[in-house]
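Novice:
In my numbering, the protein residues as written are -4 to 82.
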């Protein structure tokens, strides 16, 4: 039997994967962040672009710390947990 199921994209963010229910839950969480703790949109997007280039990204999760990178990157005081931080 030949399976046509696609493998998950390990270099994708949750918002880019075909995981609509999971992303909706994550988006509700992200929307709950107050303006005081949020990074501005440009910083957030730059951080996500760096995460997408990282070998430690696996299906939207950082394998160094286990976080959803979209949540960590949104926090002003967020940081990259890699040995050589990317941001």
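All C-beta atoms in this analysis are idealised placements derived from N, C-alpha and C, irrespective of residue type, glycine included.
Treat the numbers as computed from the prediction; the structure is a model and nothing was measured.
Kindly list the residues whose CB is nearer than 6 Å to the CB of residue 18, restricted to its own chain and excluding five residues on each side of it in sequence; keep chain order.
Specialist: Residue numbering aside, residue 18 sits at position 23 when the chain shown is read from its first letter. For residue 18, where only same-chain residues beyond five positions count, the Cβ hits under 6 Å are 9 and 10.
Novice: Let me confirm a value: residue 61 is counted as buried when at least 16 other C-beta atoms fall within 10 Å, else exposed. Which label applies?
Specialist: One-based indexing of the chain shown puts residue 61 at position 66. It is exposed - the Cβ of residue 61 has fewer than 16 other Cβ atoms within 10 Å.
Novice: With distances taken between CB atoms, is the gap from residue 24 to residue 68 smaller than 8 Å?
Specialist: Within the chain shown, the letter at position 29 stands for residue 24. Within the chain shown, the letter at position 73 stands for residue 68. In this structure, residue 68 does not lie closer than 8 Å to residue 24 by Cβ.
Novice: How long is the line joining the alpha carbons of residue 41 and residue 16, rounded to whole angstroms?
Specialist: For the purposes of this step, residue 41 is taken as the residue at position 46 of the chain shown. For the purposes of this step, residue 16 is taken as the residue at position 21 of the chain shown. The straight-line gap from Cα to Cα measures roughly 25 Å.
Novice: Which ranges does the alpha helix (DSSP H) cover as unbroken runs of at least 4 residues, wholly within the region 52 to 76, from first to last along the chain?
Specialist: Listed in chain order, they are 64 to 69.
Novice: In the DSSP assignment, what residue or residues form a beta bridge with residue 33?
Specialist: Position 38 of the chain shown, counted from the first residue, corresponds to residue 33. The partner list for residue 33 (beta bridge, DSSP) reads 70.
Novice: Since residue 46 and residue 76 are thought to touch, with beta carbons under 8 Å apart, how far apart are those beta carbons, to the nearest angstrom?
Specialist: Residue 46 sits at position 51 when you count from the first residue of the chain shown. Residue 76 sits at position 81 when you count from the first residue of the chain shown. The Cβ separation is near 11 Å, so there is no contact.
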